[in-house]
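So that you can map any letter, position 316 of the sequence shown is 303 in my numbering, and since no number is skipped, the others follow by simple counting.
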Amino acid sequence: MADDLTLDAEASNFRLKGTYYGYNANNAYLGTKDTNGVRLISGTPEGSSSIVLNGKDTILDLSDATKIWIAGKTFISIPYRYGMGATLDNVSVGQGESISYRSLQAAYLLPGDCIKGIGHNPMTEEEYIKFTSDPTNYYVDISISRRSGGIRLENYVNRDQPVRIASVNYNDSTKMIYLYLNFQSSDKATKYFEEYMAYNGDLVNSRLTMLGDGKILFNPAVLENTGNVIGYNEGVLTFTRGKHFTSDPLIENEQIELSTKFTGLTTSLDENYTGAGTNGFLTDNIVNMSMVTHNTQVETDLSYSADGLNYSLITGDDVIINTNKAGIIIAKGDVYINNSASFTGLIVARGKVVLQGNVNLKADPDNIGYLIKNHATVAPYFNLKVASGTTGNGSDIFASDLISISYDNWRKN
């Protein structure tokens, strides 16, 4: 995973066996600033691989994974209007966890006591106007946390620019201003949350009850992480500290190696491939999209059946499946499988594959492989042979072999 695994919907259920690699640690570089001029030394969400749970009753089950590699940390993405999704215009605030639930975001707000003249966080738009127009009576003093017996924020935040400011419109007349901690680095955010847990463990546990019947399950023994990891099961919280700094040679070397493999797999399904892709689409290395000459959806009966299923070839720009089908789908755009329909076979799409409703997908490598190699209608659609020397090891490979790689990855364990 180059980016995050994000579970947004309520009652999502994600279970993984085998291995999980979220390899991006941090893409920060000096000089990058947000719209308020604050240096983004913690990087950006796109350059940090983490796992985020946003929906109530969501289950993340990694307990059967044999290795979990999470090099990045979570970010809070704050939209200018409440309820909007993630966009590049959102204010992004780095957190200290590699796996986390959204209710823990409040841990990264500047304590209200540290905002002299206001005393709470967030603040209204009217209060923020006072805060910005009268710096004598309204200002941030991070030392108040330490002096009042709390966390020594000076150990973690940028002393020159201790906060990130985010403004959120809740409706046409109500705006709230949030002041988030601006850390010296993403590793400092991790250390901060460790201390926050020591001070506020009961509060963190109570916030996790908002997960409802959800769970966060993993085996710490197989975990390699730069950020803290929160576990939760039947009302019991577990806390696993970050094991590595983002600058550790182990993390940096693995990031380079896995990034190269990721590029090869997303370009040609070959982790050793270092050449250029075809028109930017992985699909075009597997199928001959010029064969799809029509915009509308066309279904061709292949006069082939197996296991009680009749196979067809379905092509078009966007393809929509509303009934049970078997065979091969080739789409220049997106594929939608709707309304409790099932599909058995192979889907090749330049765009998204969208599952809407109680949908069942099943791979069928034996029958699909036979059709690709032997069926006169199907074979011309596939780039059956890749020229020698175009793969990482210089050997000839077949489309059916490439497809079996993708099936093996999905069917592993």
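Even for Gly, the Cβ is constructed at its ideal location relative to N, Cα and C.
Return helix, strand or coil for glycine 440, following the three-state DSSP convention. What is shown of the chain runs -12 to 400, which leaves residue 440 out entirely.
Would you identify the three-state DSSP class for asparagine 192, choosing helix, strand or coil? helix
So is tyrosine 167 buried or exposed if we call it buried at 16+ other beta carbons inside 10 Å? Its Cβ being crowded by 16 or more others within 10 Å, tyrosine 167 is buried.
Tell me, please, which residues DSSP counts as bridged to methionine 276. Beta-bridge pairing links methionine 276 to no other residue.
What does a CB cutoff of less than 8 Å around glutamine 343 pick up in its chain, not counting 5 residues either side in sequence? Tyr323, Ile324, Asn325, Asn326
Would you mind reading off the limits of the alpha helix (DSSP H) that contains serine 132? 130 to 134
Can you give me the C-alpha to C-alpha distance between glutamine 171 and glycine 81, rounded to a whole angstrom? 10 Å
Just to confirm the assignment, what range does the alpha helix (DSSP H) spanning leucine 358 have? Counted as a single uninterrupted DSSP element, the alpha helix (DSSP H) harbouring leucine 358 occupies residues 352 to 361.
I'd like the span of the alpha helix (DSSP H) that includes isoleucine 105, first residue to last. The continuous stretches of alpha helix (DSSP H) do not include isoleucine 105, and DSSP gives it neither H nor E.
Which same chain residues end up closer than 8 Å to histidine 362 when comparing Cβ atoms and leaving out the 5 residues on each side of it in sequence? In the same chain as histidine 362, and ignoring 5 residues on each side of it, the C-beta atoms closer than 8 Å to its own belong to Leu289, Tyr291, in chain order.
Closest to threonine 225 by CA distance: which of Pro207, Ile238, Asn212, Thr213 is it? Pro207
Let me confirm a value: phenylalanine 1 is counted as buried when at least 16 other C-beta atoms fall within 10 Å, else exposed. Which label applies? exposed
Can you tell which of Tyr95, Pro109, Gly83, Gly320 has its C-alpha closest to the C-alpha of alanine 336? Gly320
Looking at glycine 218 and glycine 229, is the spacing between their C-beta atoms short of 8 Å? Result no, Cβ atoms of glycine 229 and glycine 218 do not sit closer than 8 Å.
Candidates Ser35, Ser37, Ile46: which alpha carbon is nearest leucine 198's? Ile46
Thinking just about the alpha-carbon of each residue, which of Ala93, Asp174, Val346, Asn77 is nearest to the one in leucine 195? For leucine 195, the nearest C-alpha among the options comes from Ala93.
I'd like to check one pair, alanine 366 with glycine 338: are the Cβ atoms closer than 8 Å? no
May I ask you to list the residues that DSSP assigns as paired with arginine 68? Asn156
So what's leucine 225 in DSSP terms, helix, strand or just coil? Checking the displayed sequence, the identity of residue 225 turns out to be threonine instead of leucine. Threonine 225: strand per DSSP, three-state reduction.
Quick one: grab the DSSP three-state call for valine 209. Three-state result, valine 209: helix.
Is alanine 313 helix, strand or coil when you go by DSSP? In the structure shown, alanine 313 sits in a strand (DSSP, three-state: E or B).
Under 7 Å Cβ to Cβ from tyrosine 126, same chain only, skipping five residues before and after it: list those, please. Lys103
Starting from isoleucine 57, trace the beta strand (DSSP E) in both directions and tell me its first and last residue. Residues 46 to 57.
6 Å CB neighbourhood of leucine 358 in its chain, flanking five on each side removed: Val365
Can you tell which of Asn41, Asp51, Asp(-10) has its C-alpha closest to the C-alpha of glycine 5? Asp51
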